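Encoded as structure tokens, the structure appears first; notes follow it.
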Amino acid sequence: MKKIALIQTWLGPLPNYFKEHLITCSQQENIDFFIFTDQVVNDASYPNIFINYITKEEVEEKISNCLNKDVKLFSNKHTCNLKASFGDLYKEYIKDYDYVGCYDIDTLMGDLYNWVLPYLGEFDVISTGGKNYHNRISGPFLIWKNTKTLNTFYKLFNIEEYLTNSSFDSFEEGEYAEKIKDKWKVKIIYNSQNLSEDNGKVIFNAVWNDGKTYCNGVEIMFYHFINKNHTTFYHIGNKIYAMYKKNTINDFYWVTYFSESYSDIVINLIESIFKYSNRKCILYSVNFDYHLPNKFAHNGQFIIKRIDIEEGNIDSRGRDENIISCKPSILFNVIDTFPENKFVYIDTDCYITVNADGINKYFKDLENYPLINSHIHDRIFTSGIVEGEEWTSSVDILAKKMGIEISIFPRRKTNIIVFDKNSKWFMKECKEIYNKYKNTEEGIFALHDEDTINAMLSKYKMDKSLPLCDVERTNQISIEESIQNSDFFSSDISQNVKLPKHTNDIITFHQLKTQEEFDDIKDNYSNSVIDCEEVLVTYSNNTIFFTKNSFFTNKIIDENVNFVVKNLKGDIITRLNNQNLFHYFTFYISNIFLTDELYIIEIVKTNSKGKIYNNLIKIKK
């Protein structure tokens, strides 16, 4: 078996993930790690990990002796440019190894040896990369045969410029890498890191378990903390998780509920909230325990709450009538549990848009009853619910029982509800109405909680509502298309319909009942907007940087966009107008003085002002 020595030199404080990194290194077969640092390292008693104390001055002395000239490192970070020299600098440590090389400590190492095993002996140099992107030697993992010629190959270049100059380049990935490929047999192992082959995106979602590392469920060679400021990790039991670090704000909570039969579908709504919202979400699982997938289980954005609902009659579609009509009970419970919060209820057959967080602008209109999404019809007629009638308005059946007239138009559809504690009485009475009248009349509650809530609004003459906030069964935001393709063709469009003022007011796609329908949304809509992981926003030296985390090769969006920074009140702080999104990888606004707080970041189309990105940045001075 061929043995490998991996070397790292690190000066200055070690990162918070170093302990977890060492754990992943300790599981390696036939690979030893030599770490040279000026830090005291505890809890590192692993047989294949050797911690060696070294000062900056001693590092400088070693490289000076190797180059026969006096070298002073510009900074501690410039040790990264020494990687190609490690076989020479530390030659006394590596005599017994077949291969020697360098690596990064901002990694969760997978089963390294089995990834490189097919290429040992045949190739002089082995590294990792991507076939479409990053098709070159990569500093996070680079090994070469332990020969004097390869160990000293770096001397053919002016490496001291990389060590003593203020500019910070990766020596081993530049000129050195190009010459290596010309002279030696080099193997780049593709698809081995957390880099997407589709668009070059750095993927955050990873887990290390039992000596292997997985990214989006697929085994990789190692996970690289490339975007450290935007990455968080959790060590739970024997597993280590890495994921995107999400900033959230508690001005409102999303709320939804679902039975076990919807547990495979609800993940799509969860995914969209993660991509496009900076608010937390309370997930009510009805009569069963729900467990989130790893990517969402530990990031703090999602709260699981089980609620038990008494079983009722089964309808013609095999659904429990008590469960599909329990929305008022759910909303009553969430108010009881979180009385000081505001909420936005959303159905599980939804997939939110990049505009969704903007629904908070309607909270100022709340009184003592909820604001509900506006339908485009005054009434909904359903077939086959009353014997002898082709089409029936079930809400009128309920209204007659209650002794009221339906007078609030258009009808409200309860897939989106804005509410707070002042709506508690409303939800309580809705529960009482359902329990009083269920099963008392043929066709009653055919449209479940929606009939109940619409009857309540008419009973108390509550005419405030949200505008139409959703589009149904389409993969592009189009108000006109949503109206034209309405399923309720037997009903006339209301003269009172409350349309949104702009497509930025559409917060969700709706009526998605199958995974295929969700996939259609994700395949098309996701390519027309930018999610939270695709543009990373940082603030440093009074400058805001907008950095693409992808090459956007699959995006179908306008080239010219505006970058907008707002405070939480929605006031514009600064903006960068009319930028070609595809010309550059990083955009910035300088001389911006921000305090220690949260700011809204938006990217909008220059011409239409349509929003394609929404996120929060947390400033730490």
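Following the working numbering, the numbering of the sequence shown begins with 2 at its first residue and continues without gaps. For each residue, glycine too, the CB sits at the ideal point set by N, CA and C. Values in this document were obtained by computation on a predicted structure and should not be read as measured data.
By the 16-neighbour rule on beta-carbons within 10 angstroms, M2 is exposed. Shown here, F583 sits in coil according to DSSP, grouped into three states, outside any helix or strand. Secondary structure at A447: coil, using DSSP grouped into helix, strand and coil.
Remark: C-beta atoms of I8 and Y91 approach each other more closely than 8 angstroms.
Of I305, S330, S375, T415, the smallest CA-CA separation from E311 is found for S330. For V72, the closest C-alpha among the options D39, T165, F158 is that of T165. Judged by DSSP secondary structure, Y104 falls within the beta strand (DSSP E) whose first and last residues are 100 to 104. Of the candidates K146, S375, I64, I407, the residue whose Cα lies closest to the Cα of D506 is S375.
Taking the Cα of F226 as reference, the smallest distance to any Cα among I190, E21, I189, T393 is reached at E21. Ranked by Cα distance from G313, the options I304, L537, Q477, S326 are led by S326. If one requires a minimum length of 4 residues, the alpha helix (DSSP H) runs lying completely within the segment 415 to 469 are 425 to 438, 450 to 460, in chain order.
G389 and N555 have their C-alpha atoms some 53 angstroms from each other. Between K57 and L74, the C-beta spacing is below 8 angstroms. In the three-state DSSP reduction, F226 falls in the coil class, being neither helix nor strand.
If one requires a minimum length of 4 residues, the alpha helix (DSSP H) runs lying completely within the segment 168 to 220 are 176 to 184, in chain order.
S609 and I478 have their C-alpha atoms some 13 angstroms from each other. According to DSSP, residue pairing for R137 in a beta bridge does not occur.
Around the beta carbon of V60, a 10 Å sphere encloses 16 or more other beta carbons of the protein chains shown; the residue is thus reported as buried. Counting along the chain, A243 sits inside the beta strand (DSSP E) bounded by residues 240 to 245. With fewer than 16 other CB atoms across the displayed protein chains lying within 10 angstroms of its CB, V41 is exposed. The criterion of a C-beta distance shorter than 8 angstroms is satisfied by E173 and I138. Partner residues in a beta bridge of T504, as assigned by DSSP, do not exist.
Taking a contact to require three or more Cβ pairs closer than 8 angstroms, the segment 450 to 462 and the segment 408 to 416 qualify as touching. As the crow flies, the alpha-carbon of H135 is around 52 angstroms from that of D337. Cβ-Cβ separation between N615 and V355: approximately 5 angstroms, consistent with a contact (criterion under 8 angstroms).
Here S260 is buried, its C-beta having at least 16 other C-beta atoms within 10 Å. When secondary structure is reduced to three states using DSSP, N300 falls in the coil class, being assigned neither helix nor strand.
Spatial neighbours of S167 in its own chain (CB-CB distance under 7 angstroms, excluding positions within 5 residues in sequence) are listed in chain order as F75.
Just measuring C-alpha positions, the residue of N334, N269, E603, D597 sitting nearest E518 is N269.
Secondary structure at A85: helix, using DSSP grouped into helix, strand and coil. Apart from the 5 residues on each side of it in sequence, I305 sits with its Cβ closer than 7 angstroms to the Cβ of L284, S286, Y291, L293 in its chain, given in chain order.
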